[in-house]
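> Chains as they are written, first to last, in this note's numbering: chain A, 4 to 155; chain B, 861 to 1026. Just so you know, even glycine gets a beta-carbon here, dropped at the ideal spot from N, CA and C. Nothing here was measured: the structure is a model prediction, and the numbers come from that model. My structure is below; once you've seen it, I'll send some questions.
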């Protein structure tokens, strides 16, 4: 499948699973976030398990804020990919519904898609999971303002 | 009134709040602290470059801003519980002094409205508990940077309160 136009720095190394590190984006780099295009307007994002991201010391479960981060990033990249406007979108809102805690030691993954674009707004949704996409940790829905001009 | 013991009581509460915040690794990682003036908490997100999402603006990562709001909400709910236990005294209050806290509330849903781009500097937030039910709490949070009346983001959502321990 053709790679949609993502704002990925030249020279980014693709791993064996086809995942690309978000090179040049400080927070994404700090937590080891990677992405893979799944088609126009669709993206998979991953964050490896890390003790510094733990929200509950008794269970070792990752903090809800990390789930917000992966879904915000995934929905944002999906919207950029669909509108073809890197840097030309701004998040209006994002709603997260938590289904269950993530499992310790497992990589967090998020599958996100931009399912509708109007002249000025892109709508995206996604879900986060660890080992089973059919058993989500959380779901998200977001609206993004298209601030850039041209391209469409 | 004994002024010294009143200040000791304040120090004891401040120590409990600091322990409650710092026991969570993710809070330490992104750099969240709480300042207390009586029963009012203000959260502070200490700026560092690792919080930047888009370096071209540069702006705080939207996920970090959302996480900061959620931490502010959860900590406010947990602190209200800790405060009540400390007021009551007895063995449960002694547990808190030893760093053992009641179970934390769990997020059911959380919505973030992004109002302005979060700049590369410290941010602050305050939570309002709109309803503290026995099972569910509804909380609203606002975050700002240079001016309190120019919020960068607002959050609201529901939290499942822990079952009371026997």
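Count Cβ pairs between the region 136 to 150 of chain A and the region 898 to 909 of chain B that sit closer than 8 Å; are there 3 or more?
No, the region 136 to 150 of chain A is not in contact with the region 898 to 909 of chain B.
> Would you call residue 47/A buried or exposed, if buried means 16 or more other Cβ atoms sit within 10 Å of its Cβ?
Mapped onto the first chain, residue 47/A falls at position 44. Result: buried.
> Whole angstroms is fine: what's the gap from residue 998/B's alpha carbon to residue 916/B's?
Within the second chain, the letter at position 138 stands for residue 998/B. Within the second chain, the letter at position 56 stands for residue 916/B. The alpha-carbon atoms of residue 998/B and residue 916/B are separated by roughly 36 Å.
> List, in order along the chain, the chain A residues whose C-beta lies closer than 8 Å to that of residue 973/B?
Numbered from 1 along the second chain, position 113 holds the residue referred to as residue 973/B. Result: 95 and 96.
> Residues of chain B with CB under 8 Å from residue 59/A, in chain order?
For this step, residue 59/A is matched to residue 56 along the first chain. Simply 884 and 964.
> Taking residue 969/B as the query, report the chain A residues whose CB atoms sit under 8 Å from its CB, ordered along the chain.
For the purposes of this step, residue 969/B is taken as residue 109 along the second chain, with counting starting at 1. Residues of chain A passing the Cβ test: 98, 99, 100 and 101.
> Below 8 Å on the Cβ atoms is my guess for residue 122/A versus residue 971/B; work out the distance and round it to an integer in Å.
Position 119 of the first chain, counting from 1, holds the residue named residue 122/A. Position 111 of the second chain, counting from 1, holds the residue named residue 971/B. Going by Cβ atoms, the distance from residue 122/A to residue 971/B rounds to 25 Å, so no, they are not a contact pair.
> Out of curiosity, what's the CA-to-CA distance linking residue 117/A and residue 45/A?
Start at 1 with the first residue of the first chain, and residue 117/A comes out as number 114. Start at 1 with the first residue of the first chain, and residue 45/A comes out as number 42. Their Cα atoms are separated by approximately 7 Å.
> Quick check: the Cα distance between residue 876/B and residue 72/A, rounded to an integer number of angstroms?
Start at 1 with the first residue of the second chain, and residue 876/B comes out as number 16. Start at 1 with the first residue of the first chain, and residue 72/A comes out as number 69. Residue 876/B and residue 72/A: Cα-Cα distance of roughly 28 Å.
> Please report how far the alpha carbon of residue 938/B lies from the alpha carbon of residue 35/A, in whole angstroms.
By one-based count along the second chain, residue 938/B stands at place 78. By one-based count along the first chain, residue 35/A stands at place 32. Their backbone Cα atoms lie some 30 Å apart in a straight line.
> With burial defined as no fewer than 16 other Cβ atoms inside 10 Å of the residue's Cβ, what is the status of residue 4/A: buried or exposed?
Taking the first chain and counting its residues from 1, the one referred to as residue 4/A is at position 1. Caution applies to residue 4/A, whose pLDDT of 32 falls short of 50 and renders its modelled position unreliable; the value that the coordinates give is listed next. Residue 4/A is exposed by the Cβ-count criterion.
> Among all the DSSP beta bridges, which residues are the ones paired with residue 970/B?
In the second chain, the residue the question calls residue 970/B occupies position 110. Paired residues: 99/A and 1017/B.
> So with CB distances below 7 Å, who are the chain A contacts of residue 911/B?
Looking up residue 911/B in the second chain gives position 51. Per Cβ cutoff of 7 Å: 30.
> Residue 1030/B to residue 1002/B, Cα distance in whole Å?
Beyond the ends of chain B as shown, which are 861 and 1026, falls residue 1030/B; an answer cannot be given.
> Whole-angstrom Cβ separation of residue 147/A and residue 79/A, contact assumed at under 8 Å?
The residue labelled residue 147/A in the question sits at position 144 within the first chain. The residue labelled residue 79/A in the question sits at position 76 within the first chain. Yes, residue 147/A and residue 79/A are in contact; Cβ-Cβ is about 7 Å, under 8 Å.
> Any contact of the region 963 to 981 of chain B with the region 1010 to 1023 of chain B, i.e. 3+ C-beta pairs under 8 Å?
The answer is yes - the region 1010 to 1023 of chain B touches the region 963 to 981 of chain B, with three or more Cβ pairs under 8 Å.
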